[in-house]
Amino acid sequence: MTDIGAVSGVINTEYAGAGGIEQTAGIESNAVSQEESNASQSGNDFSTVLASALQEELTRVSIMASSGASGMPGGMMPMQMQGGGIEEMILAAASSGEVSDAQVALMMLMMMMQTSQNGDFSMLMQLMASMITQIQDDEGSLRRSAMSSGHDPFILDTIDWNVFNTTRNGVPMMGGVALPLEAWRPTTPVRTSHEGNRSPELYRSVINQFRVESAERYRPFRDGNTYCNIFVWDVTSAMGAQVPLYTDPETGAPLYYPDVRGAISMNARRMDEWLKTHGPDYGWRQVDAETAQQYANEGKPAVTTGGTLDHVQIVAPSKDGQFDPIRGVAIAQAGRIVTSYTHITSTYGTNALNNNISYFVHD
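Here the sequence shown is numbered in the numbering used here, starting from 959 and rising by one per residue.
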């Protein structure tokens, strides 16, 4: 029997610069889990059709590579792996019975897209989409498996759009806001704010639309991670003053999804460093706690960072319009605790009132 762990290890090659989560700020490269790898067979004979379609594409890509077409160096054969070609890996994995044909084909398709940047895979994606519509029971696990692989966000988006047809399946909507489960994707907020259009009421509305306490996007440890940095990215982006999730590794300039290849993905500690070193270039400045609360109470973006505590929060407008020196600033946050409103001492304890916490504001 083929060692599917070895096969999936080749399939799930990790690529730097993919999206972000609190601890690693990157899309993790996971081998196909046993639970998902045992997806039920569809009853359709995928092997014959897929092997034929993939073989045709492999032949085309190999011919193009050997002739130097599509900008690929002459003689380069990107589809040839150690120990055999992709077609052999497909057949070996499929015959092992440990993964479904459709699952193997999806992984291989993404691998081909990653390796041959200039290839046109539209016909293969249409074929996969057609097949997947016939196996609705498998679609959820197939999509989860595909979206958790270590491929470039652009490729994952292309697969999600063309194969899983997100116009059909939809992105989870809450209160009109598109909240993708994949943390590395930006949200599509309904309520936004910007310089010249600030108020505490609007600020609260911007925060509340993300429904941090109930949205699956921020649920603690749903895949072993927490999402304080994602929530801060979402809210500040909606406020027109993003604390970025993606930055240029050389300049620190914010990058905007999907143009994030080669970017640094920002976890909480990196956000703290970015705000201190690059924040002033993008309208952020460091202040004390009382000033941060004052800004929030005027409807202006404010955040806290925990430095070595690896945590970031949104400073929220306080309900009484005042700064409470005992309980500290009002905050909203994701993380181990998800809350749309509390005070900072409720999450940090008295540590929130010492020098471990930094405060930043934006006009």
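We put the beta carbon where it would ideally sit given N, CA and C, even for glycine. Every value quoted in this text rests on a predicted model; they were computed, and no experiment measured them.
How should residue i be labelled, buried or exposed, when 16 other C-beta atoms within 10 angstroms of its C-beta is the threshold for buried?
| i | result |
| --- | --- |
| K1277 | exposed |
| Q1167 | buried |
| G1042 | For G1042, the pLDDT reaches just 41, beneath the cut-off of 50, and the residue's location in the model is therefore unreliable, leaving the point undetermined. |
| F1179 | exposed |
| T1184 | buried |
| T1209 | exposed |
| G1279 | exposed |
| G1293 | buried |
| D1192 | buried |
| H1269 | buried |
| N1313 | exposed |
| N1255 | buried |
| N1155 | exposed |
| Y1214 | exposed |
| D1181 | exposed |
| T1194 | buried |
| T1235 | exposed |
How is residue i classed by DSSP in three states: helix, strand or coil?
| i | result |
| --- | --- |
| R1169 | coil |
| W1242 | strand |
| I1117 | helix |
| D1217 | coil |
| N988 | Only weak support is given to the placement of N988: the predicted model assigns it a pLDDT of 28, under 50, and the value that follows is read from those uncertain coordinates. Three-state result, N988: coil. |
| N1312 | coil |
| S1080 | helix |
| L1164 | The residue asked about is misnamed: residue 1164 is Val in this sequence, not Leu. Here V1164 sits in helix by DSSP. |
| P1031 | With a pLDDT of 28 at P1031, under the threshold of 50, the modelled position of that residue is not reliable, and the figure given next carries that caveat. In the structure shown, P1031 sits in coil (DSSP, three-state: anything other than H, G, I, E or B). |
| P1158 | helix |
| T1209 | coil |
| A1199 | coil |
| A1141 | coil |
| N1183 | coil |
| R1177 | coil |
| D1278 | coil |
| E1256 | coil |
Could you spell out the range, first to last residue, of the alpha helix (DSSP H) harbouring residue i?
| i | result |
| --- | --- |
| F1189 | C1186 to A1196 |
| Y1306 | T1303 to Y1306 |
In angstroms with no decimal places, state the Cα-to-Cα distance between residue i and residue j.
| i | j | result |
| --- | --- | --- |
| L1067 | L1082 | 8 Å |
| A1260 | I1272 | 6 Å |
| Y1204 | G1237 | 14 Å |
| R1149 | D1321 | 18 Å |
| L1085 | A1060 | 11 Å |
| H1311 | P1147 | Inspection of the sequence shows that residue 1311 is occupied by Leu rather than by His. Approximately 32 Å between the Cα atoms of the pair. |
| T1303 | G1286 | 6 Å |
| P1283 | R1169 | 27 Å |
| A1199 | W1242 | 8 Å |
| L1064 | A1104 | 7 Å |
| Y1161 | T1300 | 15 Å |
| R1228 | T1263 | 10 Å |
| D1239 | P1202 | 13 Å |
| N1225 | D1206 | 14 Å |
| V1245 | E1159 | 23 Å |
| I1117 | G1077 | 14 Å |
| Y1317 | V1062 | 48 Å |
| D1217 | S1151 | 24 Å |
| N1120 | Q1291 | 34 Å |
| S1223 | F1281 | 33 Å |
| G1307 | I1315 | 12 Å |
| T1249 | H1109 | 42 Å |
| V1319 | M1071 | 42 Å |
| P1275 | Q1251 | 7 Å |
| A1288 | S1298 | 10 Å |
| I1079 | N1187 | The residue you asked about is not Ile; residue 1079 is Phe in the sequence shown. So the alpha carbons of these two residues sit roughly 34 Å apart. |
| A1087 | T1145 | 25 Å |
| F1189 | M1069 | 31 Å |
| G1265 | L1100 | 38 Å |
| A1247 | L1233 | 16 Å |
| S916 | R1175 | This structure cannot speak to residue 916, because the chain is shown only from 959 to 1321. |
| P1138 | V1164 | 17 Å |
| T1305 | T1073 | 45 Å |
Which one or two residues does DSSP pair with residue i in a beta bridge?
| i | result |
| --- | --- |
| T1146 | A1136 |
| S1223 | Y1204 |
| Y1317 | V1245 and T1262 |
| Q1291 | T1297 |
| H1236 | H1236 is not bridged to any residue. |
| H1152 | N1155 |
Start and end of the beta strand (DSSP E) containing residue i?
| i | result |
| --- | --- |
| I1284 | No beta strand (DSSP E) contains I1284, which DSSP labels as neither H nor E. |
| I1272 | V1270 to V1273 |
Please tell me whether, using a cut-off of 8 Å, the distance from the CB of residue i to the nearest non-hydrogen atom of the ligand ZN is below it.
| i | result |
| --- | --- |
| Q1200 | The ligand ZN is not part of this structure, which contains no ligands at all. |
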